[in-house]
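Worksheet: one structure, shown below.
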Amino acid sequence: MDKGTIAFVPPRYGRKVVGGAETHAGMLAEELHHRGWPVEILTTCAEDPHSWRGEYEPGEEFIGGIKVRRFPQESRKYTRRVFRTEQRIIAGKKVSLAKQRFWIGNVVTSRALCDYLDRRREDYRAFVFIPYLFGTTYQGIETVPERSYIIPCLHDEPYAYQEVFRRMMRSVRGIMFNTPPEMELAKRLYGDDLRGEVVGGVAYEPYSADGDRFRAKYGISGDFVLYSGRREIFKNTFLLLRYFCNYLQNTDREVSLVLIGSGAIEIPFSFRNRVIDLGFVSERDKRDAYDAATIVCQPSERESLSLVLLEAWLTGVPALVHGDCAVTRYHVERCGGGLWFTDYPTFHEALDYLLDRPALREEMGLMGRDYIMENYNWDRIVERFSAVLEEGERGAL
Amino acid sequence: MDQDDKTPLEEEKAGEEAAANLSIEVDDIDVPSIMAEIQSRVERRRQDGVYKDIPILQLEEERTGGGEAEVSLDPLHELIFLSQLARQYAEVTSYYPIGARRSPLGPFILLAKKVIRRFMTPYMDALFAKQREFNNQMVKSLDIFLELIKRERERSYHGGVDRYSAWVEMELGEDLRGVLDEAAGRFDPGEEILELGCGTGDFLAAALKSGREALGVEEDSRLARICQERDLRVVHARPIDYLEAQPSESLRAVFVLDMGERGDSRELLWMINSLADLMERGGRVVSLNHHPRSVLGVEEAFTDPTLIRLVHPDTLAGLFSHAGFREVEVSPLGEFSPGERRDWVERMGGGHGLESGELAELLFAPRRYLLEAGR
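Sequence order for the protein chains is A and B.
Add 222 to the 1-based position in the first sequence for the working numbering, that's all there is to it.
Add 1 to the 1-based position in the second sequence for the working numbering, that's all there is to it.
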């Protein structure tokens, strides 16, 4: 097998960087590195996904044994024109290709990174860009299409419908999808003859966790629903909070909602005894929380894999997901590891259903666990990853 | 861009092919039929109005009866308040002062009232004695109940949720009155002091008492409300968010209690660096921290379950100097009184040389230190 260097290209990367795609890139790169593949990360100096300011120094460093090359990014010019274009895209209105190019050219770009890709293209076997919605990915693929692969982490969202992304997806050598619904979405949007396969994302090894330790540490007793992840409108965190508070008001049931993760959320005063915001917790506490939880809720409608769900299922906890998210619903339908909701009444009844049936919960959790163990292991993922690269190199996909 | 012109058969085939990538076998749980059951239950119960789903602010307004939420929505806080109220009214008596307002007839009315009371007293006393007994029992029950809840709170808050406010509500915090007066005295009279993380406002009160203006910033809404109830000026915000919103070189006097001893250690560096940007020339930051030198002081400090770490004065001074503060001075505060020393020595089982000498200097080193940093 050709052992040329594989370069992963996320828009930001570092120990302090929190985000699904970045975690995904890091985990996959580290696994390949441990298996003897030459791997590098090419990224910008940004840490914060909102300001995109240069928090890191340009240059080289090693993270987890992998060389990370950082390039300065252009500061994002969020002018009125960019804002208006983005608003039109979000509203689903028609936006010309020139304007789409102008807009993506303002979603974190790095001229220095593109110059490097152009100059050193022969030194790498492949450039794996992740995720699709950034200028670094778009301009990077435009620079070295003949060696480009993409892990798109695609969601069904207005951005995905833009022509720039159709052209980008069709110009790469191969696309590595996380799940079949993501691939179906891509084929629906960009054409059936798209070069891509389901690679499966990342794998999780079983880990030890102690739910009692979590309950004792944070003084939490009784049944609780756990939400883990960034709190933001796109993740439907506020929808979950609203549904849960209404559920408490309508049922007087003794169940709590525990929130862990970064981002601000205002808990209504009169619900603070039942909605507990622990903020950002350590990795150990997070895993203990999964183990302690009665149910894990993933309300996001925009997931391309949902690392939270995969990680939670490993502890054998059932899940409650949003039925309008093709990916999480797909996971639940395939493995039987939980239920889904599409509106408040179904949320109310599904929660009741799970809370009333401890034996079913346990069984669902085990189904979820078996599903992860069977399908998300590194041997299978690396095998599929390698196959996509080889097929791309043969140009046969 | 949509290319959705496949036949149902093709779609089904494509779905099967895609699914073949991930193999799963569901043996016992039929999720689609559970969801169908849930859906039919929703249809049946929808008419009963059980699915009331309203925006969260409206829901909060319904629960709190409109207006602003009371601080005492926390049951423990409510109970502390009620128990204090009950104690005030528990001691009922018939011996109210008797008076008469109309001057010409006043003395006669007064006499009549006194006579009536003289006749009624034996009967009223018997009635009031029963009432007093009942009230005392109720107050005692409330106290026991309160004590039980406090113990439960203390146990359950040892990990982390709202720990500081619970700690303060239990009135278990340190008595800092003397050292806070001392800290307030380090600022110029009439100066407006900003306190970051003002808690229940003890420093703000000390600053006002000593003739300074003071504004507090407090993240915990319960503690902020307690400050408001004490008529102290307070902004409900995270201190780091508040600082971020201030223009450069706009602050003159800042006080911080227990700087860097709670929360994320990165916040300490962030706060010092941003203070360096925000302080005007000649402005001053004063920080009152636990001194790590005193063994017994450290032991006392860590009875507060919210404390995570102590910051050595040299370290804190170094951080301020590194951030660009020109004059940084540290002075110890909070000596152990002779009585406290004796108590500790007794508690430790006595021992020669513990009350004085070199060993005592280490054991009973000052509990706190005050750091003053000038920009």
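Note that CB positions come from ideal geometry on N, CA and C, so glycine has one too.
These figures come from a predicted structure and were not determined experimentally.
Contact of B:M36 with chain A is assigned, a C-beta pair being separated by under 8 Å.
The continuous beta strand (DSSP E) containing A:I288 extends over residues 288-293.
In the DSSP annotation of this structure, the continuous segment of the alpha helix (DSSP H) that includes A:F466 starts and ends at 459-473. Linking B:D315 to B:G191 through their CA atoms gives a straight-line distance of about 30 Å. With a threshold of 8 Å between beta carbons, A:C467 makes contact with chain B.
A contact between stretches requires three or more CB pairs, one per stretch, nearer than 8 Å, and the segment 359-375 of chain B meets this requirement with the segment 288-303 of chain B.
B:R263 sits away from B:T201, with the two beta carbons spaced by 8 Å or more.
Here B:E134 carries a helix assignment [DSSP, helix/strand/coil]. Looking from the CA of B:R239, the closest CA among B:V218, B:E250, B:R223, B:Q247 belongs to B:V218. Taking a Cβ-Cβ threshold of 9 Å, none of the residues of chain A is close to B:E230; the smallest such distance is about 15 Å. Secondary structure note for A:C336: its alpha helix (DSSP H) is the uninterrupted segment 333-341. At least one CB atom of chain A sits nearer than 8 Å to the CB of B:V51. Between the alpha carbons of A:F466 and B:P339 lies a gap of roughly 56 Å. Closest in alpha carbon position to B:S34, among A:H570, A:I455, A:E555, A:F324, is A:E555.
When CB distances to chain A are screened at a threshold of 7 Å, not a single residue of the segment 261-284 of chain B falls below it. Interface flag for A:E379 against chain B is unset, since no Cβ pair is found closer than 8 Å.
A:R389 sits away from A:T227, with the two beta carbons spaced by 8 Å or more. B:N137 sits exposed, since fewer than 16 C-beta atoms from the chains shown fall within 10 Å of its C-beta. Using a Cβ-Cβ cut-off of 8 Å, B:R64 counts as an interface residue toward chain A, since at least one Cβ of chain A sits closer than that to its own. Within 9 Å of the CB of B:L60, the CB atoms of chain A belong to R464, C467, N468, Q471, P490, S492, F493, in sequence order along the chain. Listed along chain A are F491, each with a C-beta nearer than 8 Å to that of B:S222.
DSSP, reduced to helix, strand and coil, places A:C519 within a strand of the structure shown. Taking the C-beta atoms as reference points, A:P380 is found no nearer than 8 Å to A:I482.
Taking B:R187 as the centre and dropping the five residues before and after it, the same chain places the C-beta of R285, V287, L371, E373 closer than 8 Å to its C-beta, in chain order.
Judged by beta-carbon spacing, B:R118 lies within the 8 Å limit of B:I99, meaning their Cβ atoms are closer than that value. Using a Cβ-Cβ cut-off of 8 Å, B:Q40 counts as an interface residue toward chain A, since at least one Cβ of chain A sits closer than that to its own. Short of 7 Å from the beta carbon of A:G422, and not among the five residues preceding or following it, lie these beta carbons of its own chain, in chain order: N400, N597, Y598, R602, I603, R606. The segment 442-451 of chain A makes contact with the segment 513-524 of chain A: 3 or more CB pairs, one atom from each, lie closer than 8 Å. The three-state secondary structure of B:D54, taken from DSSP, is coil.
Residue contact with chain B for A:T301: absent (no Cβ-Cβ distance below 8 Å to any residue of chain B).
By DSSP's assignment, A:I285 forms a beta bridge with A:I288.
B:F337 carries a coil assignment under DSSP once its states are collapsed to helix, strand and coil. At a C-beta separation below 9 Å, B:R47 has these neighbours in chain A: P567.
Close partners of A:V543 in chain B (Cβ separation under 7 Å) are lacking, with about 11 Å as the shortest Cβ gap. Interface residue (Cβ-Cβ distance to chain A less than 8 Å): B:P56 is classified as such.
With 16 or more other Cβ atoms from the protein chains shown falling within 10 Å of its own Cβ, A:P567 counts as buried.
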